[in-house]
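Down below is the structure, laid out as structure tokens.
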Amino acid sequence: MLDAYVGLPFAERGRSRAGLDCWGLVCLVYAEQLGLDLPRLDEAYVSTADRETLQQLVCEGRSAWIEVPADKAEIFDVVLMSNLGVPHIGLVAGPRLVLHVEDGADATIEPLSGARLARRLRGFFRHESRHAACV
1358 MLDAYVGLPF
1368 AERGRSRAGL
1378 DCWGLVCLVY
1388 AEQLGLDLPR
1398 LDEAYVSTAD
1408 RETLQQLVCE
1418 GRSAWIEVPA
1428 DKAEIFDVVL
1438 MSNLGVPHIG
1448 LVAGPRLVLH
1458 VEDGADATIE
1468 PLSGARLARR
1478 LRGFFRHESR
1488 HAACV
């Protein structure tokens, strides 16, 4: 299902299949697969290095995201990660798998249990419109 997004190129502040950043990938998948239009955050952050907005979006109650336990995470839930304090976001793509895109690499699906991502994991979040359907 989410394999169709593997290989999409990274582009700073990108919001289309021609190129996207991590939030752009989440927006694209939610629009195409779930019919949900998420805030594009075009003006909310300036660059990859200014992704605190993403952490605020899912962690600080500024939006419609509800934290879910790791063992309850489902496909399309958002995965919040951090690398040296810089937030990064992806999507659950299967059991312990994440779809994400980073600067310098195309979108990929990786295991969350691998050493590179396991240490970066900060939490799982579900959009409230999906939460009501899953409870």
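Under my numbering, the sequence shown is numbered contiguously, ending at residue 1492.
Virtual Cβ for every residue (Gly too), placed ideally from N, Cα, C.
Q: Enumerate, from N- to C-terminal direction, the unbroken beta strand (DSSP E) stretches of 3 or more residues contained entirely within the stretch 1416-1441.
A: Within the stretch 1416-1441, the runs of beta strand (DSSP E) at least 3 residues long that lie entirely inside it are, in chain order, 1422-1425, 1435-1440.
Q | Nearest neighbour of glycine 1451, chosen from Gly1461, Ser1439, Asn1440, Glu1467 [CA to CA] | A | Taking the first residue of the sequence shown as 1, we reach residue 1451 at position 94. The residue with the shortest Cα to Cα distance from glycine 1451 is Glu1467.
**Q.** Distance, alanine 1475 Cα to leucine 1485 Cα
**A.** Within the sequence shown, residue 1485 is the residue found at index 128, counting from 1. Within the sequence shown, residue 1475 is the residue found at index 118, counting from 1. Going by the sequence as given, residue 1485 is glutamate instead of leucine. Linking glutamate 1485 to alanine 1475 through their CA atoms gives a straight-line distance of about 26 Å.
Q. When the Cα atoms are used, what is the spatial distance from alanine 1427 to tyrosine 1387?
A. Sequence index remark: in the sequence shown, residue 1427 carries index 70 (1-based). Sequence index remark: in the sequence shown, residue 1387 carries index 30 (1-based). Straight-line Cα distance between these residues: approximately 20 Å.
**Q.** Spatially closest choice to arginine 1370 from Val1425, Pro1396, Leu1454, Val1455, by CA coordinates
**A.** As a position in the sequence shown, residue 1370 is number 13, starting the count at 1. When each option's Cα is compared against that of arginine 1370, the closest is Pro1396.
Q | Three-way DSSP call (helix, strand, coil) for arginine 1473 in this model | A | Here the question's residue 1473 lines up with position 116 in the sequence shown. Correct three-state label for arginine 1473: helix.
Q.
With a threshold of 7 Å on Cβ separation, who are the neighbours of glycine 1364 within its own chain once the five nearest residues in sequence on each side are excluded?
A. As a position in the sequence shown, residue 1364 is number 7, starting the count at 1. These residues qualify, in order along the chain: Asp1463, Ala1464.
Q | Opening and closing residue of the alpha helix (DSSP H) in which valine 1443 lies | A | As a position in the sequence shown, residue 1443 is number 86, starting the count at 1. Where valine 1443 is concerned, there is no enclosing alpha helix (DSSP H), although the beta strand (DSSP E) it sits in stretches over 1443-1451.
Q. Going by DSSP, which residues form a beta bridge with serine 1373?
A. By one-based count along the sequence shown, residue 1373 stands at place 16. Under DSSP, serine 1373 shares a beta bridge with Gly1376.
**Q.** Supposed contact pair serine 1470 and arginine 1453 - C-beta distance, whole angstroms, cut 8 Å
**A.** If you number the sequence shown from 1, residue 1453 lands on position 96. If you number the sequence shown from 1, residue 1470 lands on position 113. Right, the Cβ-Cβ distance comes to about 5 Å (below 8 Å), so this counts as a contact.
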